[in-house]
Every structure is written in C-alpha cells, then in structure tokens.
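Numbering (the working numbering), first residue to last: -7 to 326. Beta carbons are placed, not taken as given, at the ideal position from N, Cα and C, and that holds for glycine. All figures in this text were calculated on a predicted structure; none of them were measured in a lab. Below is one structure, written out as structure tokens; the observations come after it.
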Ligand code: MLT
C-alpha cells in the first residue's frame, strides 16, 4: 500500500512539476476503494457518463479501482492536498477527518434506504457537506447507497453475541465502529480497507463487516464462509472532490460536477434496489451460509445503543441535535 501510495504521489508530483496542474487536467482521476461490480464502481460509472455528457465530451475521468491510488483514508488526505481529484469511499473512512459525519456510522441510526437518503440529501446532509469542506478540505458531491453491513467470518455461524467470542473481527479505523464491537463484548482489529482481503486470506483476522454487494465486489466469498444478517450500519459511500480542485474550476465545470454527482446519487439508490437480492443469492450459491441474529437482533441493538451513543453525543453536536435528526426520520427521541 505504501508502495502504491508513493507511486500515486510521484505521479501527482510529476503532473505538478511539468506545470499541468491537476485542476486543469482533461482527465480527472477517481480513486475507488472497492473492486469492480460494487456500488462505488457503479456510482463512478454514472458520474463519469453524465460528467462527460455535460462537458460536451471535452473532459473525461479515469477510475482506479481496488485502492490502486492508496487506501481510502489516504485518499482523503491526498484530495485534501489537491494531489487527487476525486475519491469514492465509505463514509466510515471520512469520519476520522470530519467527526460530525460519524452520525452516519452510529449503530442503528439508519433503519432503511429511505433513512439513508433523507439523512444524506436533506438538511443533515447539507450540513455534513459543509463540515467536511471545513474539516477535511474535500466536498461530498454524490452518495452511493450500499445496503446494510453484514458480518462475515471464516470460522463459525454467529447468531448471538456469545458466538462472537474468540473471533478476530476486522473493522475500519473508526472509533464508533470499534466501540460498537466492544459493546458487543469483543476487541476488534482496526485494519485499512486495502489490507482486508489479504488479512482475511492469511487468517490475520477471521471476519469483517460490509454490505452484500461489497462482499461480492471484493471477492470475500473466496475467503469467508459465514454471514450474519445484522443491520447495525447502512453503508453510505460518498463521492468526494478535492475542494481546491473544485474551486479552481470555472463555474460551468463546477455545475457539471455537481449535476453529475446528483445524477449518480439518484442512480445509486435505484441500482441497490435492483441488485442487492440478486447478489445475496449469488453469494449463497457460491457456498456462503446466512444466519439470522438471535432474538431479532434485540440484544445487539440494545448493547450498541446503550454503550456507544452516549459516548458520542458531544462529537455529534449534542443529544438535542441527535433528537432533531431522529425526529426528521420520524423516530422516537432519546
Ligand atoms: C471499510 O470497511 O473500510 C469500508 O466500508 C469498505 C468500503 O469502502 O467498501
């Protein structure tokens, strides 16, 4: 990963050195954390198609899949410094740079695709976009909706929290997610996304969580056997543009970028609905076994909410702010 990152840096530095700043390039580079066939890839394809159309074919994009331009968290840094144009990554990998987006990784906050769309495209989303520009120097211009993250592992069916004991579970480097597993009674292993397949393959970790579509795009079915159908986090994956690259564009280009981002967002929601069941069936056809969480997931939910939420009230703008968000989703306040 360090090697790939240094190549990425060298390429960017080279581009700057020869005087063709990233902002003026005709082909914009899009880093993509996941592999082909996932929601990130689909968002990028739609964005690229509409962007090209809106710029009359004058400008183009090139996607680099599977973390080729560096791990997801590293791409935020690179975009922030203007060394990378765009990145598509999971929101959990933006949180370390802009803490308020943690509201989207709070366990059991998002109950459905509708909730995810309301939060990202309504008032809350607008505020998160502003906060992310301020904190991280990147602008969210589109959202992929990837479905609930399910737990996979190579060892045993997991239904109750007691079944987790002894399993080494990889999590992103995201405090809220780390604390969620702690609330469930185990100490998870934070690991970069780009290292996760190898970590699972070599048995450094036994399991991880991500949506069905991501499990498939990353070929995790080759190294994982058991799925637990938990619904603690609905995976939301933004398309970000370097704010310095965005600001250096003329108004018509900025408009094209924003409109293409919105078109890709609309497409993503539709694509998830069309694909998720089909991909879930493919994973079971490939030998994965799905277990439902015991007791309708009540204990998982209770322990995560009781132990994790209060710790993050302050980071997420206070309990009153969370209550406002819950009300906007038509849910009971806390
Ligand atoms: C992660 O688990 O680090 C990410 O959510 C994976 C992804 O980007 O799909």
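Proximity to residue 244 across 45, 326 and 270 peaks at 45, based on C-alpha coordinates.
Checking the DSSP bridge columns, you'll see residue 54 partnered with 21. DSSP places residue 82 outside both helix and strand once states are collapsed to three, so it counts as coil. For residue 238, same chain residues with a beta-carbon under 6 Å away, outside a window of 5 residues either side, are 131 in chain order.
For residue 32 against residue 80, the beta-carbon gap comes to about 4 Å, under 8 Å, which counts as contact. In the DSSP assignment, residue 265 falls within the alpha helix (DSSP H) that extends over 243 to 277.
Annotation note: the stretch 138 to 164 contains the following uninterrupted beta strand (DSSP E) runs of length 3 or greater, listed N- to C-terminal: 161 to 163. Exclusion of the five residues before and after residue 260 leaves 31, 34, 35, 38, 134, 135, 136 and 137 as the residues of its chain whose Cβ lies within less than 8 Å of its Cβ. In this model, residue 110 and residue 75 are separated by some 32 Å (Cα to Cα). Straight-line spacing of the CA atoms in residue 88 and residue 117 works out to 17 Å. Relative to the ligand MLT, residue 25 has its C-beta within less than 7 Å of a heavy atom. Under the three-state reduction of DSSP output, residue 69 falls in the helix class. Around the C-beta of residue 70, 16 or more other C-beta atoms lie within 10 Å, and the residue is accordingly described as buried. The closest CA to that of residue 209, considering only 292, 254, 27 and 302, is found on 27.
For residue 233, there is no enclosing alpha helix (DSSP H); the enclosing beta strand (DSSP E) covers residues 226 to 234. Per DSSP, the continuous beta strand (DSSP E) segment holding residue 202 begins and ends at 199 to 203.
Around the C-beta of residue 126, fewer than 16 other C-beta atoms lie within 10 Å, and the residue is accordingly described as exposed. Looking from the CA of residue 286, the closest CA among 148, 92 and 154 belongs to 154.
Looking from the CA of residue 23, the closest CA among 29, 50, 167 and 59 belongs to 59. Annotated as distal: residue 62 and residue 146, with beta-carbon spacing of 8 Å or more. A Cβ-Cβ separation of about 11 Å leaves residue 50 out of contact with residue 19 under the 8 Å criterion.
Nearest to residue 106 by C-alpha distance, out of 312, 264, 289 and 305, is 264. The alpha-carbon of residue 119 is positioned some 12 Å away from that of residue 308.
Annotated as distal: residue 197 and residue 174, with beta-carbon spacing of 8 Å or more. In the three-state DSSP reduction, residue 301 falls in the helix class (H, G or I). Taking the Cβ atoms as the reference, residue 248 lies roughly 6 Å from residue 43, within the contact range of under 8 Å. Leaving aside the five residues that flank residue 314 on each side, the residues in its chain whose CB is nearer than 7 Å to its CB run, in chain order, 305, 308 and 326. Per DSSP, the beta-bridge partners of residue 132 are 232.
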